[in-house]
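Asker: Take any residue in the sequence shown, count from 1 to its spot, add 566: that is its number in the numbering used here. All C-beta atoms, glycine included, are put in the ideal place defined by N, C-alpha and C. Sending over a structure as structure tokens; questions will come in a sec.
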Amino acid sequence: MSVMQSGTQMVKLKAGSKGLVRLFYLDEHRSCIRWRPSRKSEKAKITIDSLYKVTEGRQSDIFHRHAESSFDPACCFTVYHGNHMESLDLVTSNLEEARTWTFEEADKNGDGLLNMEEIYQLLHKMNVNLPRRKVKHMFQEADSDDQQGTLTFEEFSVFYKMMSLRRDLYLLLMGYSDRKDHLTADELANFLRNEQKLSEENKQKGILGIEGFTSFMRSPTCDVFNPQHHEVNQDMDRPLCDYYISSSHNTYLTGDQLLSHSKTDMYAWVLQTGCRCVEVDCWDGPDGEPMVQHGYTLTSKITFKSVIETIDKYAFINNQ
567 MSVMQSGTQM VKLKAGSKGL VRLFYLDEHR SCIRWRPSRK SEKAKITIDS
617 LYKVTEGRQS DIFHRHAESS FDPACCFTVY HGNHMESLDL VTSNLEEART
667 WTFEEADKNG DGLLNMEEIY QLLHKMNVNL PRRKVKHMFQ EADSDDQQGT
717 LTFEEFSVFY KMMSLRRDLY LLLMGYSDRK DHLTADELAN FLRNEQKLSE
767 ENKQKGILGI EGFTSFMRSP TCDVFNPQHH EVNQDMDRPL CDYYISSSHN
817 TYLTGDQLLS HSKTDMYAWV LQTGCRCVEV DCWDGPDGEP MVQHGYTLTS
867 KITFKSVIET IDKYAFINNQ
């Protein structure tokens, strides 16, 4: 999951072209697959709940017509999505990247289905810590066909939606929908007026379910960030020294990046000398306690708790 959120460079095939290299990634809410660069950034996405199936190899019409022999089939896959079964045809640079982005990575025994143990292993890799009882309940809810005890791709999509459901938004929807699992147009308008303080524009017909409601809440329309600040909006003609921010790299280390010790004293020292930006590298530690260390080296570890306590103590002594 971390690989998918960091992004993977893949070739995006299009009819009549040799393909475009784009960075594909899972967004921060794990609700959309996005890619960049794109001239229409808001349209350069596929919502998870619109996925129909993923096929491996060169099976789609696009592959057959334009790239039958150009790419290794082990690195090719197609994502079918939307009401009209649109295809997103992708090529990775190696087999491991393809496995990461397809159902195969989670399907350890290769039977095209996911059993309970494979689900547990997948959640562990995703760093999703849910009680086993809750996972089992969601698994059973999603397992709706005759093959009890395993999930197909479609059933796993249902399971993923359950797992990704935000309880706070669900309760908000229930509160404005008279405890139904959807909003009518009038209820949505009431929510926009009273909760979001928005005008009555872009009225919608029909009802709005939890997936649509969640998507709306995560959309740019509801973003608390000022969209004008995505572009340079301040005076950038001053000398560089006017913008300089005292920052610290690998703040916790007392020496080199391979063998030295990590100490909380380093945070106290840099903050008292006027540093305004420090680095905290967090890693999973024993007993669920996060640790701070320089990953994949022989440097020592310190607890995340001790680091933030030190920062809290010294951050605002010298605040100029």
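1. For residue 912, count the other beta carbons within 10 Å of its own beta carbon; 16 or more makes it buried, fewer makes it exposed. Which is it?
2. Evaluate contact between the stretch 781-795 and the stretch 810-824, counting only Cβ atoms and requiring at least three cross-stretch pairs below 8 angstroms.
3. Mind listing, in chain order, the continuous alpha helix (DSSP H) runs of no fewer than 4 residues lying wholly within the stretch 567-600?
4. Can you give me the Cβ contacts of residue 828 inside the same chain, cut-off strictly under 8 angstroms, excluding the 5 residues immediately before and after it?
5. In three-state DSSP terms, what is residue 743?
6. Taking DSSP's pairing of strands, which residues face residue 655 in a bridge?
7. Can you give me the Cβ contacts of residue 765 inside the same chain, cut-off strictly under 6 angstroms, excluding the 5 residues immediately before and after it?
8. How far does the alpha helix (DSSP H) with residue 837 in it reach, from first residue to last?
9. In the structure shown, what three-state DSSP assignment does residue 797 receive?
10. With distances taken from CA atoms, which of 594, 628, 604 is nearest residue 579?
11. Can you give me the start and stop residues for the beta strand (DSSP E) that residue 619 sits inside?
12. Going by CA-CA distance only, name the one from 842, 873, 826, 879 that's closest to residue 863.
13. Name, in chain order, the residues that DSSP records as bridge partners for residue 716.
14. Leaving out the 5 sequence neighbours to the left and right, which residues in its chain are closer than 7 angstroms to residue 611 when beta-carbon positions are compared?
15. Should residue 791 go down as buried or exposed, given a rule of 16 or more other Cβ atoms within 10 Å for buried?
16. Quick check on residue 821: does DSSP put it in helix, strand or coil?
17. Name the one or two DSSP bridge partners that residue 848 has.
18. Between 777, 645, 704, which lies nearest to residue 748 when the distance is taken from Cα to Cα?
19. Check whether the Cβ atoms of residue 619 and residue 591 lie closer than 8 angstroms to each other.
20. Looking at the unbroken beta strand (DSSP E) that takes in residue 750, where does it start and where does it end?
Answerer: Put simply:
1. The structure shown has nothing for residue 912, since the chain only spans 567 to 886.
2. Under the Cβ criterion (8 angstroms, minimum of three pairs), the stretch 781-795 does not count as touching the stretch 810-824.
3. Qualifying alpha helix (DSSP H) stretches, in chain order: 568-572.
4. Hits under 8 angstroms: 818, 819, 820, 858, 859, 860, 865, 866, 867, 868.
5. When DSSP states are grouped into helix, strand and coil, residue 743 belongs to the coil group.
6. Paired residue(s): 644.
7. Model confidence at residue 765 stands at a pLDDT of 40, short of 50, so the residue's coordinates are unreliable; what they give is reported in the following sentence. Within the same chain, residue 765 has no close Cβ partners at all.
8. Unbroken alpha helix (DSSP H) run through residue 837: 831-838.
9. The answer is coil: DSSP assigns residue 797 none of H, G, I, E or B.
10. Minimum Cα distance to residue 579 is reached at 628.
11. For residue 619, the enclosing beta strand (DSSP E) has its first and last residue at 617-622.
12. From the listed residues 842, 873, 826, 879, the smallest Cα separation to residue 863 is found for 826.
13. The partner list for residue 716 (beta bridge, DSSP) reads 681.
14. Cβ neighbours of residue 611 beyond the five flanking positions: 598, 599, 600.
15. It counts as exposed.
16. Looking at residue 821 - three-state DSSP - the assignment turns out to be coil, as it is neither helix nor strand.
17. Residue pairing by DSSP places residue 848 opposite 858 in a beta bridge.
18. Between residue 748 and the set 777, 645, 704, the nearest pair of CA atoms involves 777.
19. Contact annotation: residue 619 and residue 591 have beta-carbon atoms that are not nearer than 8 angstroms.
20. It spans 748-750 - the beta strand (DSSP E) in which residue 750 sits, taken as one unbroken run.
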